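Peer 1: Below are the structure tokens for one structure; questions will follow.
2 protein chains.
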Amino acid sequence: MNENILESPAGGATYNYRVEPRDVDATHRARIVAMADYILDTAGEDADRRGFGVRTLFPQGCTWVLSRFAMELQRQPQQYESFDVRTWVSSFDRLLTTRNFELTDAGGNILGAAVSNWVMLDLNTRRPMDLRGRQEYERAIVHEPSPVEAPRRLPATEGMLQSRHLVAYSDIDFNCHMNSMRYLSLMLDLLPAEQLTERTFSRFDMNFLHESHLGEELTIHCCPDAAASLFEIRKADGTAACRAEVKWR
Amino acid sequence: MNENILESPAGGATYNYRVEPRDVDATHRARIVAMADYILDTAGEDADRRGFGVRTLFPQGCTWVLSRFAMELQRQPQQYESFDVRTWVSSFDRLLTTRNFELTDAGGNILGAAVSNWVMLDLNTRRPMDLRGRQEYERAIVHEPSPVEAPRRLPATEGMLQSRHLVAYSDIDFNCHMNSMRYLSLMLDLLPAEQLTERTFSRFDMNFLHESHLGEELTIHCCPDAAASLFEIRKADGTAACRAEVKWR
Chain A
57 MNENILESPA
67 GGATYNYRVE
77 PRDVDATHRA
87 RIVAMADYIL
97 DTAGEDADRR
107 GFGVRTLFPQ
117 GCTWVLSRFA
127 MELQRQPQQY
137 ESFDVRTWVS
147 SFDRLLTTRN
157 FELTDAGGNI
167 LGAAVSNWVM
177 LDLNTRRPMD
187 LRGRQEYERA
197 IVHEPSPVEA
207 PRRLPATEGM
217 LQSRHLVAYS
227 DIDFNCHMNS
237 MRYLSLMLDL
247 LPAEQLTERT
257 FSRFDMNFLH
267 ESHLGEELTI
277 HCCPDAAASL
287 FEIRKADGTA
297 ACRAEVKWR
Chain B
57 MNENILESPA
67 GGATYNYRVE
77 PRDVDATHRA
87 RIVAMADYIL
97 DTAGEDADRR
107 GFGVRTLFPQ
117 GCTWVLSRFA
127 MELQRQPQQY
137 ESFDVRTWVS
147 SFDRLLTTRN
157 FELTDAGGNI
167 LGAAVSNWVM
177 LDLNTRRPMD
187 LRGRQEYERA
197 IVHEPSPVEA
207 PRRLPATEGM
217 LQSRHLVAYS
227 DIDFNCHMNS
237 MRYLSLMLDL
247 LPAEQLTERT
257 FSRFDMNFLH
267 ESHLGEELTI
277 HCCPDAAASL
287 FEIRKADGTA
297 ACRAEVKWR
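Chain order of the listed sequences is A and B. If you're matching positions, the first sequence starts at 57 in the working numbering and goes up one per residue. If you're matching positions, the second sequence starts at 57 in the working numbering and goes up one per residue.
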């Protein structure tokens with residue numbers, strides 16, 4: 057449980073975390089997926105605290121699902137490093153809400169930033185809901201622009217590297233579908249590991265297009281390049297479940 | 057970061073956690089692996105606080121690795137439930153140290169218990185070190201027996217269910233080998249998912265026999281049974297990396 061929460065004078069709220077041993081790779085730096093997980097935890101916790109989180113929505117028959125996500129890091133922090141995540145919601149449209157994040161290290165230096173777009177899903181129909189006219193959401197808006205470019209819409213990718221994955225029990229989350237960060241983990245696992253420990257991560261953009269469920273066979277496609285790796289995870293019928301572009305410095 | 061630590065009047069120390077959304081499955085109960093992860097986090101944190109954790113050992117060229125592990129649960133707690141893990145070290149032998157755990161829910165009811173055996177590994181030779189005659193370890197001993205039966209030595213298993221896994225970047229932890237809980241996750245993913253959500257978990261025993269490294273191909277074998285599932289994960293040369301027995305009520 058995170059007790060280290062501060063309403064931020066800059067708007068939004070700030071949550072403090074520490075890079076735990078389970079978060080790091082063999083180089084003892086936080087994995088990209090672990091940093092993204094902390095950001096998504098912050099989103100869930102902050103929404104819950106403001107009364108429009110999954111804790112409130114589930115009994116009403118709806119939930120939040122991630123639609124697009126972008127994250128930039130100046131560096132991957134070291135094991136046991138403490139860092140802050142400040143988060144604020146900057147808009148609610150008919151279909152999407154935009155939540156922003158700014159990461160700072162213990163010395164107050166910018167560590168990274170992220171922008172996320174969320175859709176509210178009806179749990180019965182699994183269709184998006186209309187977000188307009190909800191006063192509790194309007195009240196949460198902080199009129200501060202996103203700290204980095206919004207998540208981009210990504211094109212289809214054929215890919216040279218390929219692998220298969222059968223969606224398993226451990227992939228499924230509280231929303232009864234494959235967890236969004238499991239897609240990213242499968243994508244990065246396709247790259248030569250030295251690329252992940254020797255290259256410097258700069259930014260990812262992710263598009264979540266269709267849900268995947270238990271027992272489905274997915275194929276992971278990657279078009280690797282020196283500056284950017286393009287990924288697509290496809291369902292058995294060829295539909296794209298998730299696309300991502302990962303940029304390296 | 058866990059700030060909710062209490063030196064326990066009963067001996068050892070008590071750490072407080074909350075079942076987070078990322079810990080649960082589609083039934084909104086904590087996954088078995090998530091509960092085991094909290095227990096192992098507690099072990100790491102408590103050893104660090106007492107000056108003989110990985111944080112101290114790594115600069116000295118050594119680390120702790122899990123040798124055997126057993127966990128029992130009365131029930132899998134619900135999302136957002138708070139629980140305590142009390143931990144104490146009951147012995148140091150030449151090769152093994154025994155660390156115990158008792159889990160209680162917010163109402164003070166016993167939620168479960170665990171016993172772990174650890175080996176100290178020389179990071180250069182990857183051979184076990186002699187644990188005798190270290191005063192800081194002797195001082196940490198609490199003369200209270202393990203709360204449940206010690207982890208059992210498990211026999212080889214042929215298995216009817218089988219799958220393959222290529223050890224990937226996301227499997228490798230700070231000890232530069234496949235993380236112990238990833239073995240358990242691969243094993244449980246081999247079972248029909250309804251077994252994991254409809255059956256009631258009772259206890260697992262795990263033996264960690266040989267390390268697995270990046271790029272190795274592993275085969276997962278399972279002999280499923282109504283009362284107990286026996287697992288073995290084998291390396292390409294047939295050596296057992298890990299064995300487990302999972303009992304259901």
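All residues carry an ideal CB built from backbone N, CA and C; glycine is no exception. Just so you know, these numbers come straight off a predicted model, no measurement behind them.
Determine, for Cys232(B), whether the minimum Cβ-Cβ distance to residues of chain A falls below 8 angstroms.
Peer 2: Closer than 8 angstroms to some Cβ of chain A, the Cβ of Cys232(B) qualifies, so yes.
Peer 1: Classify Ser64(B) as helix, strand or coil using the three-state DSSP reduction.
Peer 2: Residue state, collapsed to three classes: coil.
Peer 1: If the cut is a Cβ gap below 9 angstroms, which residues of chain B does Arg241(A) touch?
Peer 2: Just to set this straight, residue 241(A) is Ser in the shown sequence, not Arg. Per Cβ cutoff of 9 angstroms: Ala224, Tyr225 and Ser226.
Peer 1: Should the segment 76-88 of chain B be called in touch with the segment 164-180 of chain B, which here means at least 3 C-beta pairs below 8 angstroms?
Peer 2: No: the two stretches stay apart, fewer than three of their Cβ pairs being nearer than 8 angstroms.
Peer 1: Which of the three DSSP states, helix, strand or coil, is assigned to Gln116(A)?
Peer 2: The answer is helix: DSSP assigns Gln116(A) an H, G or I state.
Peer 1: Beta-carbon of Gly107(A) versus every beta-carbon of chain B: anything under 8 angstroms?
Peer 2: Answer no: the Cβ-Cβ gap between Gly107(A) and chain B never drops below 8 angstroms.
Peer 1: By the criterion of Cβ-Cβ separation under 7 angstroms, what are the contact partners of Gln317(A) in chain B?
Peer 2: There is no way to answer for residue 317(A), as the model of chain A reaches only from 57 to 305.
Peer 1: Could you compute how far the alpha carbon of Asp186(B) sits from the alpha carbon of Glu205(B)?
Peer 2: Cα to Cα, Asp186(B) sits roughly 25 angstroms from Glu205(B).
Peer 1: In whole angstroms, what separates the C-alpha of Gly107(B) from that of Glu301(A)?
Peer 2: Answer to the nearest angstrom: the Cα atoms are 43 angstroms apart.
Peer 1: If you draw a straight line from the C-alpha of Ser258(B) to the C-alpha of Cys279(B), how long is it?
Peer 2: Those two C-alpha atoms are separated by around 17 angstroms.
Peer 1: Would you kindly work out how many angstroms separate the C-alpha atoms of Val121(B) and Arg183(A), rounded to a whole number?
Peer 2: Those two C-alpha atoms are separated by around 46 angstroms.
Peer 1: Which bits of chain B does His84(A) rub up against, with CB to CB less than 7 angstroms?
Peer 2: Neighbours of His84(A) on chain B, chain order: Phe230.
Peer 1: Would Glu205(B) count as contacting chain A if we go by Cβ distances under 8 angstroms?
Peer 2: Cβ-Cβ to chain A under 8 angstroms: no for Glu205(B).
Peer 1: Does the beta-carbon of Glu288(A) have 16 or more other beta-carbons within 10 angstroms, so that it is buried, or is it exposed?
Peer 2: Looking at its Cβ environment, which holds 16 or more other Cβ atoms inside 10 Å, Glu288(A) is buried.
Peer 1: With respect to the alpha helix (DSSP H) encompassing Val89(B), which residues constitute its N-terminal and C-terminal limits?
Peer 2: Per DSSP, Val89(B) belongs to the alpha helix (DSSP H) from Ile88 to Arg105.
Peer 1: Note down, in chain order, every chain B residue with its Cβ under 7 angstroms from the Cβ of Pro77(A).
Peer 2: Correct list: Gly100, Val110 and Phe230.
Peer 1: Thinking C-alpha only, which one of Thr143(B), Leu265(B), Met234(B) and Ala297(B) is nearest Arg78(A)?
Peer 2: Among Thr143(B), Leu265(B), Met234(B) and Ala297(B), the Cα nearest to that of Arg78(A) belongs to Met234(B).
Peer 1: May I ask which residues mark the beginning and end of the beta strand (DSSP E) holding Gln218(A)?
Peer 2: Start and end: Leu217 to Leu222.
Peer 1: Which ranges does the alpha helix (DSSP H) cover as unbroken runs of at least 4 residues, wholly within the segment 201-267 of chain B, from first to last along the chain?
Peer 2: Segments of the alpha helix (DSSP H) lying fully in the segment 201-267 of chain B: 236-245 and 249-254.
Peer 1: Can you tell which of Arg208(A), Pro115(A) and Phe230(A) has the C-alpha that lies nearest to the C-alpha of Glu128(A)?
Peer 2: Among Arg208(A), Pro115(A) and Phe230(A), the Cα nearest to that of Glu128(A) belongs to Arg208(A).
Peer 1: Mapping the DSSP letters down to three states, classify Arg305(B) as helix, strand or coil.
Peer 2: Reduced to three states, the DSSP call for Arg305(B) is coil.
Peer 1: Measuring alpha carbon to alpha carbon, tell me which of Ala66(A), Gln251(A) and Phe230(A) ends up nearest Phe114(A).
Peer 2: Comparing Cα positions, the closest option is Phe230(A).
Peer 1: Which residue's Cα is closest to the Cα of Leu265(A): Asp81(A), Ala297(A) and Thr143(A)?
Peer 2: Taking only the C-alpha atoms, the option nearest Leu265(A) is Ala297(A).
Peer 1: For Thr295(B), count neighbouring Cβ atoms within 10 angstroms of its own Cβ and tell me buried if that reaches 16, exposed if not.
Peer 2: So Thr295(B) ends up on the exposed side.
Peer 1: For Met57(B), which residues of its own chain have a beta-carbon under 8 angstroms away from its beta-carbon, when the five flanking residues on both sides are left out?
Peer 2: Only weak support is given to the placement of Met57(B): the predicted model assigns it a pLDDT of 39, under 50, and the value that follows is read from those uncertain coordinates. For Met57(B), where only same-chain residues beyond five positions count, there are no Cβ hits under 8 angstroms.
Peer 1: Would you say Asp178(B) lies against chain A (beta-carbon separation less than 8 angstroms)?
Peer 2: Closer than 8 angstroms: no.
Peer 1: Is Pro77(A) helix, strand or coil when you go by DSSP?
Peer 2: In the structure shown, Pro77(A) sits in a helix (DSSP, three-state: H, G or I).
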